[in-house]
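Start counting at 1 in the sequence shown, then tack on 4, and there's your number in my numbering.
Each residue gets a CB set at the ideal place from its N, CA and C atoms; glycine is no exception.
One structure is given here, and the rest of the page talks about it.
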Amino acid sequence: MAATCKAHSFHVNSSQKQFKWNNAVTPILTVDSGAEISFDLADGGNNQITDKSTVADVENFQNDLADPIYGPIYVNGSEPGDVLKVEFLDLQCAPYAWTAILKGYGVLAEDFPEPYLKIWDLSPEQQAKGYAVFKEGIHVPLRPFLGVVGVAPAEPGDHDTIPPQDTGGNIDCKYITQGSTLYLPVKVKGALLSCGDGHGAQGDGEVGGSAMETPMKARLRLTVEKGKLWLRSPHYLTNPATMRQAEVLALGEYGCLGIDSDLFQASKKACRQMIEWLVNTKGLTREEACILMSVAGDLKIVEAVDMPNHAVSMSIPLSIFVGPQYRDEGAAAKL
């Protein structure tokens with residue numbers, strides 16, 4: 005029988021994980037509504053890549069070990085039709101992160117058949133600066149969040165942890181940072197919450213297939229809410245203090261539009277154009293451009309109603325280019 009606790013007297017460690025959603029799994033912990041739980045989480049790759057890794061580790065990456073979830077946690081008083089309110093009280097990155105081009109992953113997977121790896125310095129001193137260094141002159145703002153947070157689906161059996169569902173899971177929503185709140189529709193008694201997949205930063209879409217992947221320590225508060233029968237998918241409330249949108253967009257952004265009758269094809273076109281812009285105006289390699297787009301670029305639907313075609317934008321905030329080599333007159337003229 006799972007232990008019952010209140011507050012954050014129970015710590016979920018990095019060994020208490022699953023690789024499938026399944027509402028028949030015995031919970032590792034039973035808590036009352038309002039309890040705070042701390043987690044020690046491996047990264048979304050299950051720590052297959054570390055700060056000592058090389059591209060060989062990317063070549064040997066095992067997809068079936070990706071996106072482990074930590075839990076499940078049974079919340080007393082939660083019933084199907086309720087909502088589980090998840091408050092993100094604290095999120096702490098490890099001293100390093102990684103971003104990789106993995107075979108078969110990403111919006112442009114067919115364009116990048118060869119593996120690639122970027123290791124990020126997230127030492128306490130670097131985190132205190134509020135950004136990670138992509139390369140000299142390019143700084144990516146840090147905004148830690150958990151890519152995977154969800155409750156068990158109603159349907160029996162195993163469910164893959166990689167695709168998101170109406171019950172949450174691998175939603176990869178960069179707006180659910182420390183101080184934010186996520187609302188999840190409960191489908192089974194006890195809710196059975198699990199989480200994982202720490203990120204130091206990510207662009208909307210995570211288009212390269214990985215973000216700034218990092219092990220993470222997290223502390224969450226879980227509260228059962230009744231009477232919100234209209235909530236049938238994950239909803240969230242952001243924390244303006246950790247969004248930093250005004251600061252990030254202080255110098256504007258550069259965007260590329262992809263136009264197509266298929267939204268995914270439009271997304272591909274927008275991403276390919278952004279890679280061309282980064283290569284031709286910032287001197288990045290195609291692989292560097294893909295990595296930077298994945299952690300700092302935002303994929304957005306800007307037009308969905310003028311059928312048969314749709315417009316998708318991929319944009320990059322210009323504030324990340326802090327070095328003079330990226331902001332001289334020549335570079336500005338190419339804008």
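{"Asked": "Any chance you could list the alpha helix (DSSP H) runs of at least 4 consecutive residues sitting entirely within the region 280–323, in chain order?", "Found": "290–300"}
{"Asked": "Drop a sphere of 10 angstroms on the beta-carbon of Gln169, count the other beta-carbons inside from all chains shown, and report buried for 16 or more, exposed for fewer.", "Found": "buried"}
{"Asked": "Please confirm whether Gly200 and Leu45 have their CB atoms less than 8 Å apart.", "Found": "yes"}
{"Asked": "Could you tell me how far apart the beta carbons of Leu88 and Leu197 are, in whole angstroms, since I believe they sit closer than 8 Å?", "Found": "6 Å"}
{"Asked": "What's the gap between the Cα of Lys139 and the Cα of Cys177?", "Found": "25 Å"}
{"Asked": "Counting C-beta neighbours from all protein chains within 10 Å, is the total for Thr171 16 or more, i.e. buried, or is it exposed?", "Found": "buried"}
{"Asked": "Ordered along the chain, which non-local residues of its own chain (more than five positions away) have a Cβ less than 8 Å from that of Ala336?", "Found": "Residue placement at Ala336 is poorly supported in this model, since its pLDDT is 39, which falls under 50; the coordinates still yield a value, given next. Counting only Cβ-Cβ distances below 8 Å, and skipping sequence neighbours, we find nothing."}
{"Asked": "DSSP three-state call for Asn402: helix, strand or coil?", "Found": "Since the displayed the chain opens at 5 and closes at 339, residue 402 lies outside it and no answer follows."}
{"Asked": "What residues in its chain sit with their C-beta under 7 Å from that of Val252, if we drop five residues either side in the sequence?", "Found": "Pro145, Pro321, Ser323"}
{"Asked": "If we ignore side chains and look at the alpha-carbon of each, how far apart do Pro244 and Leu288 end up?", "Found": "32 Å"}
{"Asked": "Let's see if you can read the secondary structure: which residues bound the alpha helix (DSSP H) around Pro128?", "Found": "128–133"}
{"Asked": "Considering just the uninterrupted stretch of the beta strand (DSSP E) at Met216, what are its terminal residues?", "Found": "Element bounds for Met216: n/a, residue is neither H nor E."}
{"Asked": "Enumerate in chain order the residues of its own chain whose CB-to-CB distance from Asn313 is below 7 Å, with the five nearest sequence positions on each side excluded.", "Found": "Ile263, Asp264, Ser265"}
{"Asked": "Going by the C-beta, is Lys193 closer than 7 Å to any heavy atom of the ligand COA?", "Found": "Absent from the structure shown: the ligand COA. Ligands present: none."}
{"Asked": "Using 10 angstroms around the beta-carbon of Ala136, count the other beta-carbons present and answer buried if the total reaches 16, otherwise exposed.", "Found": "buried"}
{"Asked": "Going by CA-CA distance only, name the one from Asn284, His203, Asp125 that's closest to Gln182.", "Found": "His203"}
{"Asked": "Identify the residues that DSSP records as bridge partners of Ser346: which are they?", "Found": "Absent from the structure is residue 346, since the part of the chain shown begins at 5 and ends at 339."}
{"Asked": "Given 8 Å as the limit, is there contact between the region 292–311 and the region 209–228, that is, 3 or more CB pairs closer than that?", "Found": "yes"}
{"Asked": "Please report the straight-line C-alpha distance between Pro84 and Ala98, rounded to a whole angstrom.", "Found": "36 Å"}
{"Asked": "In whole angstroms, what separates the C-alpha of Ala101 from that of Gln206?", "Found": "12 Å"}
{"Asked": "Quick check: the Cα distance between Ala156 and Val79, rounded to an integer number of angstroms?", "Found": "12 Å"}
{"Asked": "Report the three-state DSSP secondary structure of Ala101 (helix, strand or coil).", "Found": "strand"}
{"Asked": "What do you get for Thr82, buried or exposed, if any count of 16 or more other CB atoms within 10 angstroms of its CB means buried?", "Found": "Looking at the sequence shown, residue 82 is not Thr but Ser. It counts as buried."}
{"Asked": "Is the separation between the beta-carbon of Asp86 and that of Glu229 shorter than 8 Å?", "Found": "yes"}
{"Asked": "Assuming Leu186 contacts Val152 under a Cβ cut-off of 8 Å, what Cβ separation, rounded to an integer in Å, is found between them?", "Found": "Not confirmed; about 11 Å, so no contact."}
{"Asked": "Between which two residues does the beta strand (DSSP E) carrying Ala195 extend?", "Found": "195–203"}
{"Asked": "Compute the Euclidean distance between the alpha carbons of Gly110 and Ala158, then round it to the nearest angstrom.", "Found": "29 Å"}
{"Asked": "Have a look at Ala70 and Gly38 and give me their C-alpha separation to the nearest angstrom.", "Found": "30 Å"}
{"Asked": "If you reduce the DSSP assignment to three classes, tell me which class Pro145 lands in.", "Found": "strand"}
{"Asked": "Spell out the partners DSSP gives Lys230 in its beta bridges.", "Found": "Looking at the DSSP assignment, Lys230 forms no beta bridge with any residue, so it has no partner."}
{"Asked": "If distances are taken between C-alpha atoms only, which option among Lys273, Gly141, Met311, Ala195 comes closest to Gln329?", "Found": "Gly141"}
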